[in-house]
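Chemist: Add 81 to the 1-based position in the sequence shown for the working numbering, that's all there is to it.
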Amino acid sequence: MSAPFYITTPIYYVNARPHLGHAYPTVCADVINRYHQMVTEETFFLTGTDEHGDKIMRAARKEGLTPRAYVDKISALFRQLWPQLNIANDDFIRTTDARHITVVKSILQTIYDQGDIYFSEYEGKYCFGCERFYTERELVDGKCPDHDVEPETIKESNYFFKMSKYQQWLIDHIKANPDMIRPERYRNEVLAFLREPLDDLCISRPKSRIKWGITLPFDKDYVTYVWFDALINYISALDFPAGDKFKTYWPVVQHIVAKDILKPHGIYWPIMLKAAGLPIYQHLNVHGYWNVDQSKMSKTIGNVVEPLQLKNIYGLDAFRYFLMREMVFGLDSSFNEEALVLRTNTDLANDLGNLFSRVVTMVHKYFKGVVPVIDPLIEQELSLGLSEKAAQTVAGYQHAMSRFAFHKAMTVTWEFINQMNKYIDVTAPWTLAKNKSSRPQLQVVLYNLLEGLRVIAGLVYPVM
Ligand code: MSP
Numbered sequence: 082m083s084a085p086f087y088i089t090t091p092i093y094y095v096n097a098r099p100h101l102g103h104a105y106p107t108v109c110a111d112v113i114n115r116y117h118q119m120v121t122e123e124t125f126f127l128t129g130t131d132e133h134g135d136k137i138m139r140a141a142r143k144e145g146l147t148p149r150a151y152v153d154k155i156s157a158l159f160r161q162l163w164p165q166l167n168i169a170n171d172d173f174i175r176t177t178d179a180r181h182i183t184v185v186k187s188i189l190q191t192i193y194d195q196g197d198i199y200f201s202e203y204e205g206k207y208c209f210g211c212e213r214f215y216t217e218r219e220l221v222d223g224k225c226p227d228h229d230v231e232p233e234t235i236k237e238s239n240y241f242f243k244m245s246k247y248q249q250w251l252i253d254h255i256k257a258n259p260d261m262i263r264p265e266r267y268r269n270e271v272l273a274f275l276r277e278p279l280d281d282l283c284i285s286r287p288k289s290r291i292k293w294g295i296t297l298p299f300d301k302d303y304v305t306y307v308w309f310d311a312l313i314n315y316i317s318a319l320d321f322p323a324g325d326k327f328k329t330y331w332p333v334v335q336h337i338v339a340k341d342i343l344k345p346h347g348i349y350w351p352i353m354l355k356a357a358g359l360p361i362y363q364h365l366n367v368h369g370y371w372n373v374d375q376s377k378m379s380k381t382i383g384n385v386v387e388p389l390q391l392k393n394i395y396g397l398d399a400f401r402y403f404l405m406r407e408m409v410f411g412l413d414s415s416f417n418e419e420a421l422v423l424r425t426n427t428d429l430a431n432d433l434g435n436l437f438s439r440v441v442t443m444v445h446k447y448f449k450g451v452v453p454v455i456d457p458l459i460e461q462e463l464s465l466g467l468s469e470k471a472a473q474t475v476a477g478y479q480h481a482m483s484r485f486a487f488h489k490a491m492t493v494t495w496e497f498i499n500q501m502n503k504y505i506d507v508t509a510p511w512t513l514a515k516n517k518s519s520r521p522q523l524q525v526v527l528y529n530l531l532e533g534l535r536v537i538a539g540l541v542y543p544v545m
């Protein structure tokens, strides 16, 4: 076994049913995890649900359920969906798990004891949708950029985390670790944000307003702000602080998140780790948004894409391949079903499917399904550069996978598939088969083709 590999997805809010936007990062995590297993690394794959806060409480009320019954119900939808998408996570963390709550409290206490959390009265603009205060600078025309509503002015006493104290440290850390946040555009976005003075983070909510949360260990009248609670899942699932998993998998983690949650992951999380005296995570991999026919996916517009529906129509392999091939990791993509149909017909049925079926049929027809024995001298003569192409393909694929460039990994694989199809056309095995004297040539050609299929099977295995 070589280096350990730890992959996480965001933990999903349970105020909505799982959709394509949740399936994408989880399939990415599964693909990269299977790839690392294939190169025999020790891997750990974590996903889960984010279950505290006002948003969840209101969603529960709307359905006439207690928060507990409601979070159990929706969390189960996520948990049951993943195996149906062939996702093999090792653990499923819920922020309402006792194991998680204990760790959140201990981290809060550590940071509080060392003086990085203080109590203060605060008046500010609060967006109930986001469950957080906004500074004037962050508002767009006086409105919350996510909810397009004017936040309400609230005055209350709360606990604050001294993020400002760590601002310069974070800038230096990101500069010293150029691939900590990738692709580069998101690293630049975080650095640009850090050019302005960083505000301290309000990490509590009074129970008079919100009860559904983790009680602060040092004040029973307050619960913990959902983001401070949620980010800690990445280590509570490893049985921090004493667990073997924590020792093995921290800090070699690879986080996957979408661009909308860059700030909590690129700013709050490293500062929380630093303040708690813990090593900083190694990589944050940031992807873009799936839009539907150019507009944002939303329940109100009614254009939410359901992963299971697509799987039932097109099959799981086509669905997973489409997600990996179509979106350039880091950029936004527009989902449309015609594109999925086109990829299924051209890439999967024509290119990949035909190649496999042609080769396997010929091996059965000419050699009764047995891999032919070959003469090395003829092999050299008839290879036509195919083995060099295979080696280049594997190298390109590995390079792409190391950067989470799934679309690129698929592109190089399909270039090789096309070279294999050309190899068949050029060597014309059906003509070789007509002549007994060209039997050794036929053996070599089919042997090479089978070897190519073996390589392709490995390259597509993490996805299909
Ligand atoms: N609970 C927080 C994450 C806490 S992680 C410590 C959260 N949850 S979420 O359910 O709203 O979103 C989870 C992830 O799914 C986010 O990265 C989000 O951006 C991603 N997606 C949700 N909709 C999406 C698209 N339409 N396209 C791509 N990903 C999107 O945020």
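Don't be surprised by glycine CBs; every beta carbon is placed ideally from N, CA and C.
Kindly examine the ligand MSP and report whether one of its heavy atoms sits closer than 8 Å to the Cβ of A97.
Modeler: Yes, the Cβ of A97 comes within 8 Å of a heavy atom of the ligand MSP.
Chemist: Is the CB-CB distance between L540 and A490 below 9 Å?
Modeler: Yes.
Chemist: Just to confirm, is the Cβ distance from I198 to F159 under 9 Å?
Modeler: Not a contact, by the Cβ cut-off of 9 Å.
Chemist: On the three-pair Cβ rule with 8 Å, is the segment 424-439 touching the segment 490-501?
Modeler: Counting Cβ pairs under 8 Å, three or more are found: they touch.
Chemist: Hey, would you say the C-beta of W371 is under 8 Å away from at least one heavy atom of the ligand MSP?
Modeler: Answer for W371: yes, Cβ within range of the ligand MSP.
Chemist: Would you kindly report the start and end of the unbroken beta strand (DSSP E) that includes R175?
Modeler: That run of the beta strand (DSSP E) goes 172-175.
Chemist: Would the beta-carbon of W308 be found less than 8 Å away from any heavy atom of the ligand MSP?
Modeler: Yes, the Cβ of W308 comes within 8 Å of a heavy atom of the ligand MSP.
Chemist: Taking the runs of the alpha helix (DSSP H) that are 4 residues or longer, which of them lie wholly in the segment 218-251?
Modeler: None, since the segment 218-251 contains no complete alpha helix (DSSP H) of that length.
Chemist: Apart from the five residues on each side of it in sequence, which residues of its chain come closer than 8 Å, Cβ to Cβ, to L312?
Modeler: Closer than 8 Å at Cβ, skipping near neighbours: P345, H346, Y349, W350, M353.
Chemist: Below 8 Å, how does it come out for the segment 117-132 and the segment 87-106: are there three or more Cβ pairs, yes or no?
Modeler: Contact between the segment 117-132 and the segment 87-106 is present, because at least three Cβ pairs lie under 8 Å.
Chemist: Count the CB pairs spanning the segment 258-269 and the segment 362-375 that are closer than 8 Å, and state whether there are at least three.
Modeler: With a cut-off of 8 Å, the segment 362-375 and the segment 258-269 count as touching, because enough Cβ pairs lie within range.
Chemist: At a threshold of 8 Å, does G196 count as lining the ligand MSP (C-beta to nearest heavy atom)?
Modeler: G196: no, Cβ never under 8 Å from the ligand MSP.
Chemist: Just verifying my parser: in three-state terms, what is the DSSP assignment at T191?
Modeler: The answer is helix: DSSP assigns T191 an H, G or I state.
Chemist: Starting from E122, follow its DSSP beta bridges and name the residues at the other end.
Modeler: Bridge partners of E122: S83.
Chemist: List, from N- to C-terminal side, the beta strand (DSSP E) runs of 3 residues or more that fit wholly inside the segment 127-182.
Modeler: Taking only runs of at least 3 residues, the beta strand (DSSP E) segments lying wholly in the segment 127-182 are 172-175.
Chemist: Going by DSSP, name the residue or residues bridged to F263.
Modeler: Checking the displayed sequence, the identity of residue 263 turns out to be Arg instead of Phe. N366.
Chemist: Would you list the residues sitting across from Y93 in a DSSP beta bridge?
Modeler: The partner list for Y93 (beta bridge, DSSP) reads T130.
Chemist: Pair every Cβ in the segment 406-424 with every Cβ in the segment 365-378, then say whether three or more of these pairs are closer than 8 Å.
Modeler: Judged by Cβ distances under 8 Å, the segment 406-424 makes contact with the segment 365-378, as three or more pairs qualify.
Chemist: Please name the residue, chosen from G466, A538, A476, A481, that lies closest to V526 on a Cα-to-Cα basis.
Modeler: Per the Cα distances, G466.
Chemist: Going by the C-beta, is M378 closer than 8 Å to any heavy atom of the ligand MSP?
Modeler: Flag set: Cβ of M378 near the ligand MSP.
Chemist: Can you check DSSP and say which residues form a bridge with T305?
Modeler: Answer by DSSP bridge pairing, in chain order: S285.
Chemist: Quick one: Cα of S201 to Cα of P287, how far?
Modeler: Their Cα atoms are separated by approximately 13 Å.
Chemist: Quick one: does the C-beta of N269 sit closer than 8 Å to a heavy atom of the ligand MSP?
Modeler: No, Cβ of N269 sits at least 8 Å from all heavy atoms of the ligand MSP.
Chemist: Within the continuous beta strand (DSSP E) that includes H336, where are the two ends?
Modeler: 334-339 is the extent of the beta strand (DSSP E) around H336.
Chemist: Closer than 8 Å to a non-hydrogen atom of the ligand FAD - does that hold for the CB of Y105?
Modeler: The ligand content of the structure shown is limited to the ligand MSP, which means the ligand FAD is not among them.
Chemist: What's the gap between the Cα of T329 and the Cα of K470?
Modeler: Each residue's alpha carbon lies about 37 Å from the other.
Chemist: Assuming L101 and P388 make a contact with CB atoms under 8 Å, what is their CB distance in whole Å?
Modeler: L101 to P388, Cβ: 6 Å. Contact.
Chemist: Would D320 and F309 be called neighbours here (beta carbons separated by less than 9 Å)?
Modeler: For D320 and F309, no; Cβs fall outside 9 Å.
Chemist: Output the boundary residues of the alpha helix (DSSP H) element that contains K483.
Modeler: For the sequence presented, residue 483 should be read as Ser rather than Lys. Unbroken alpha helix (DSSP H) run through S483: 467-483.
Chemist: Would you report the Cα separation of V120 and T191, rounded to the nearest angstrom?
Modeler: Between V120 and T191, the C-alpha separation is close to 39 Å.
Chemist: Enumerate in chain order the residues of its own chain whose CB-to-CB distance from L282 is below 7 Å, with the five nearest sequence positions on each side excluded.
Modeler: Answer for L282: F241, F242, M244, Y349, listed in chain order.
Chemist: With C-beta atoms as the reference, is I342 less than 9 Å away from W331?
Modeler: No, they are not a contact pair.
Chemist: Can you check the segment 342-401 for any alpha helix (DSSP H) of at least 4 residues that lies completely inside it and give the ranges in chain order?
Modeler: Those alpha helix (DSSP H) runs which fall completely within the segment 342-401 and span 4+ residues are 350-356, 388-395.
Chemist: Name the DSSP bridge partner or partners of R213?
Modeler: DSSP, once it has assigned bridges, lists C208 as partnering R213.
Chemist: Short of 8 Å in beta carbon distance, which residues of its chain neighbour Q195, apart from the five on each side in sequence? Order them along the chain.
Modeler: Contacts found: A356.
Chemist: If you pair each beta-carbon of the segment 404-412 with each one of the segment 101-110, do three or more pairs fall below 8 Å?
Modeler: Yes: at least three Cβ pairs fall under 8 Å.
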